[in-house]
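Residue numbers (full-length UniProt numbering), protein chains in the order written: chain A, 1 to 258; chain B, 1 to 204; chain C, 1 to 277. Beta carbons: idealized from backbone N, C-alpha and C, even for Gly. As the structure is a computational prediction, the values presented were derived from the model and not from experiment. To keep things clear, I will list the structure first and then write my remarks on it.
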Amino acid sequence: MACFNGITASADATNQMHSFKQAMREVSAKPDWLSARHIERQRWNPYSMEGGSTCAISGDNFAIVASDTRMTANDINILTRDAEKIQVLNDSIILTTSGFYGDVLQLTKVLQSRLHKYRFDYRADMSVDLCAELLSRNLYYRRFFPYYTGAILAGIDEHGKGAVFSYDPIGCIERLGYSASGAAEPMIIPFLDCQIGHVTLDEGYEKPALTMERAISLMKDSFRGAAEREISTGDKIHLVIAEAGKPIVQKFLPLRED
Amino acid sequence: MSIMSYTGGTVVAMAGDECVCIASDLRIGEQMTTVATDQKKVHKVSDKVYVGLAGFQSDARTVLEKIMFRKNLYELRENRRIKPQVLSEMISNLAYQHRFGSYFTEPLVAGLDDTNKPYICCMDTIGCVSSPRDFVAIGTGQHYLLGVCENYWRENMKPDELFEATAQSILSCLERDAASGWGAVVYTITKDKVNVATIKTRMD
Amino acid sequence: MASTDVKNTVSHMEMDRGGAFDFSNCIRNQAMCKMGATAPTLTSTGTTIVAVSYKGGLVMGADSRATAGNIVADKHCEKVHKLTESIYACGAGTAADLDQVTKMLSGNLRLLELNTGRKARVITALRQAKQHLFNYRGYIGAYLLIGGVDPTGPHLYMCSANGTTMAFPFTAQGSGSYAAITILERDFKVDMTKEEAESLVQRALEAGMHGDNASGNSLNVVIIEPNETVFKGPIVPEFCKRPEPNDLSYKFQPGATKVLKNKVYKYDIVESMDISH
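What follows is the structure, given as structure tokens:
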């Protein structure tokens, strides 16, 4: 809780102490283990999480998107080892999503049909900037029953530069140099901060430029590291490379399967 | 909100060739409010044995006192320096004694034993010891650290290299962990000395 | 008199509690939960453990992954615990509980062996485990497979956290048990040879490690026979190895980190004090 001056803070602390003492009295009078253990009723949950992680890096004239291909139920059981979490929407737009797989599919379908309609109306492919805005609105449209997904949209923009747009489930949009989402996001992002953002290195220290080869290697290594430590990430890396003026390349690389 | 992230704080340790590194941030907070910026979570137990305590810092203090009490008693009774392996077993038993109603702190032990072999281990709040040969991390930045360390750790690092790897790992973690930060200290423990470095971090 | 007082206080404070639990924080922790704090995640051995009996012996095995939430807390955790020379226990559940329960069991059984002058029986280990666990009404989260060979032959028991026990010719436990049990059900035969049993356990474990997120990394197997016990491990199955090494090496040269302040503490090395061995 934010406090703006000392008085509020101390009054708040007193209140907290007071309610803590109250809680202590209540619990001492009737500890959990004396009452019959309460039954936790499982309420129906419209969402589930299928695990896995995705990541995108943009550079001067390229954008690289990767995800693992594992799909998990309840964090434990593996449903499939080759789930598609990356969708190539057109020659310059790649969508990658993690989270609730039902919403992932639905969101993809919505975007695909909107892109199709755009092509029909304007006789041209949509640009990634436009699609980014479209996706944001589609997500915010469901403000109170959101698509439970962490989406990342990547591609080559109108100026031939790599673009990565990162979203929260309700459509907060941000254009970044690199982004990750999903279960292993906390493991991948600081690594990229260090290796691409160079935010942790001293001023005088040599900082290698982000070439496409380096970006691909970093992408692979970050997934290899994440697969070691995160249980719902593994099986395969699905790597999609978009370079300005070239067709999109897709690759699959092995990851550990346990 | 988990009680483990109430005050924030992160500790990481890495093992090298006859050396270990242990690092912590300096922030202590009350949820989102930063209260102090000079709280080390790494404590010296003996010359070559250090213990890190992340989690709820009020409990960490109590536990540290209990650890020091037991360690002093051990050294008086046995008339020898405590080894990191022994210390971790001691802390594990202490933590497990409070199996029901635990202290909300995760201990980490890093040090060199008397043959200068590195030893690192971390525990959960009830004393489940895990002592890998590479690195351990505890606290609010654990997830961030494990991902980074996985790529930065390598076999048989010398003290210089180990320091850089540990420092860069904790710096990367502080970049993203809101509950830790405000500076960091890195202890490099080698067979003849301990080097305590305060490193430059983002201050937020 | 003062000094005895101090001594008494001290021993009362800390040491004489011995192995007993200390409940002094319970009320405080419950009050904190009532205030809205959530309890920390504990390390659990999201596990595959498998045991199979064969003609004249028993094979037990476990994977080596310990998880805390969705991260791997320990890649090489030891889940095959030695109780006596010929009795072993594999554990699933809360990792700290398993360590401590098996430590207690092995201590008690050793004492029993020394007192009686003969080898402990598997049923003794089981009875001790179940009485301890039943005392705590399932709050000690240890799910054990206890097995071994004693003068009455090979035995395999399962002991759940609330004290329920069962005897099996073969069984699997833990989060990977569903995958493992399929292999066991398909391939188990009565009176197998040692090699068959060992390979069956290994295949069942691999199935568990493969199909279950919370199991993996490596496996340990113990083969118990009347005259000898063989421990094998850690065995790393092919799918648990990194398929490709890292592309880049992340070696930092000195100077990568900006050091603001450096302090060096040299130890006072006193050679003659070295009485540590």
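Would residue i pass as an interface residue toward chain A - the criterion being a Cβ-Cβ separation below 8 Å?
i, result
"residue 107 of chain C", "no"
"residue 140 of chain C", "no"
"residue 13 of chain B", "no"
"residue 27 of chain C", "yes"
In terms of residue numbering, what span does the beta strand (DSSP E) encompassing residue i cover?
i, result
"residue 89 of chain C", "87-94"
"residue 250 of chain A", "249-254"
"residue 266 of chain A", "The displayed coordinates of chain A run from 1 to 258. Any statement about residue 266 of chain A would go beyond what the structure contains."
"residue 240 of chain C", "Element bounds for residue 240 of chain C: n/a, residue is neither H nor E."
"residue 123 of chain B", "Careful: residue 123 of chain B lies outside any beta strand (DSSP E) and carries neither H nor E."
"residue 291 of chain C", "The requested residue 291 of chain C is not part of the displayed model; chain C covers only 1 to 277."
"residue 30 of chain C", "Taken as a continuous stretch (DSSP letters only), residue 30 of chain C belongs to no beta strand (DSSP E), being part of the alpha helix (DSSP H) at 26-34."
"residue 138 of chain B", "135-139"
"residue 164 of chain A", "162-167"
"residue 90 of chain A", "86-90"
"residue 158 of chain C", "153-159"
Going by Cα to Cα distance, which pick from the options is closest to residue i?
i, options, result
"residue 52 of chain A", "C:199, C:71 and C:42", "C:71"
"residue 91 of chain A", "A:22, A:110 and A:242", "A:242"
"residue 52 of chain B", "B:187, B:107, B:120 and B:124", "B:107"
"residue 262 of chain C", "B:203, B:197 and B:204", "B:197"
"residue 115 of chain B", "B:109, B:192 and B:179", "B:192"
"residue 27 of chain C", "B:101, B:130 and B:143", "B:101"
"residue 239 of chain A", "A:14, A:217 and A:142", "A:217"
"residue 60 of chain A", "A:211, A:254 and A:255", "A:211"
"residue 81 of chain C", "C:91, C:74 and C:75", "C:91"
"residue 170 of chain C", "C:100, C:266, C:186 and C:69", "C:186"
"residue 127 of chain B", "C:227, C:194, C:234 and C:101", "C:101"
"residue 179 of chain C", "A:97, A:82, A:15 and A:258", "A:258"
"residue 38 of chain B", "B:120, B:182 and B:134", "B:182"
"residue 222 of chain C", "C:135, C:251 and C:147", "C:147"
"residue 93 of chain C", "C:48, C:229, C:165 and C:150", "C:48"
"residue 186 of chain B", "C:32, C:229 and C:259", "C:259"
"residue 189 of chain C", "C:77, C:46, C:54 and C:231", "C:54"
"residue 126 of chain A", "A:156, A:144 and A:193", "A:156"
"residue 76 of chain C", "C:88, C:25 and C:95", "C:95"
Determine, for residue i, whether the minimum Cβ-Cβ distance to residues of chain B falls below 8 Å.
i, result
"residue 155 of chain C", "no"
"residue 258 of chain A", "no"
"residue 6 of chain A", "At residue 6 of chain A, the pLDDT of 40 sits below 50, so the modelled position is not reliable; the number obtained from the coordinates is stated separately. Output row for residue 6 of chain A: interface = no."
"residue 190 of chain A", "yes"
"residue 246 of chain C", "yes"
"residue 171 of chain A", "no"
For the alpha helix (DSSP H) that contains residue i, what are its first and last residues?
i, result
"residue 143 of chain B", "142-152"
"residue 132 of chain C", "122-135"
"residue 93 of chain B", "84-97"
"residue 240 of chain A", "No alpha helix (DSSP H) contains residue 240 of chain A, which is instead part of the beta strand (DSSP E) from 236-243."
"residue 216 of chain A", "212-229"
"residue 141 of chain C", "Taken as a continuous stretch (DSSP letters only), residue 141 of chain C belongs to no alpha helix (DSSP H), as it is neither H nor E."
"residue 140 of chain A", "128-141"
"residue 100 of chain A", "No alpha helix (DSSP H) holds residue 100 of chain A; DSSP gives it neither H nor E."
"residue 73 of chain B", "57-78"
"residue 189 of chain A", "185-192"
Does chain C have any CB closer than 8 Å to the CB of residue i?
i, result
"residue 148 of chain A", "no"
"residue 72 of chain B", "no"
"residue 31 of chain B", "no"
"residue 71 of chain A", "no"
"residue 249 of chain A", "no"
"residue 1 of chain A", "The predicted model places residue 1 of chain A with a pLDDT of 33, which falls under 50 and marks its position as unreliable; any figure quoted below should be read in that light. No, residue 1 of chain A does not count as interfacial toward chain C."
"residue 199 of chain B", "yes"
Give me the Cβ distance between residue i and residue j, rounded to the nearest whole Å; I'm assuming they're in contact under 8 Å.
i, j, result
"residue 159 of chain B", "residue 16 of chain B", "7 Å"
"residue 59 of chain C", "residue 51 of chain C", "7 Å"
"residue 236 of chain C", "residue 215 of chain C", "Residue 236 of chain C to residue 215 of chain C, Cβ: 13 Å. No contact."
"residue 110 of chain B", "residue 22 of chain B", "4 Å"
"residue 175 of chain B", "residue 202 of chain B", "7 Å"
"residue 139 of chain B", "residue 45 of chain B", "Contact doesn't hold; Cβ gap of about 18 Å is too wide."
"residue 167 of chain A", "residue 151 of chain A", "4 Å"
"residue 57 of chain A", "residue 215 of chain A", "5 Å"
"residue 131 of chain A", "residue 107 of chain A", "At roughly 12 Å, the Cβ-Cβ gap does not stay under 8 Å, so residue 131 of chain A and residue 107 of chain A are not in contact."
"residue 162 of chain C", "residue 133 of chain C", "7 Å"
"residue 28 of chain B", "residue 57 of chain B", "6 Å"
"residue 172 of chain C", "residue 204 of chain C", "6 Å"
Taking the runs of the alpha helix (DSSP H) that are 4 residues or longer, which of them lie wholly in the stretch 180-231 of chain C?
194-211
Which parts of the stretch 147-190 of chain B are runs of the beta strand (DSSP E), unbroken and 3 residues or longer, counting only runs that do not cross its ends?
184-189
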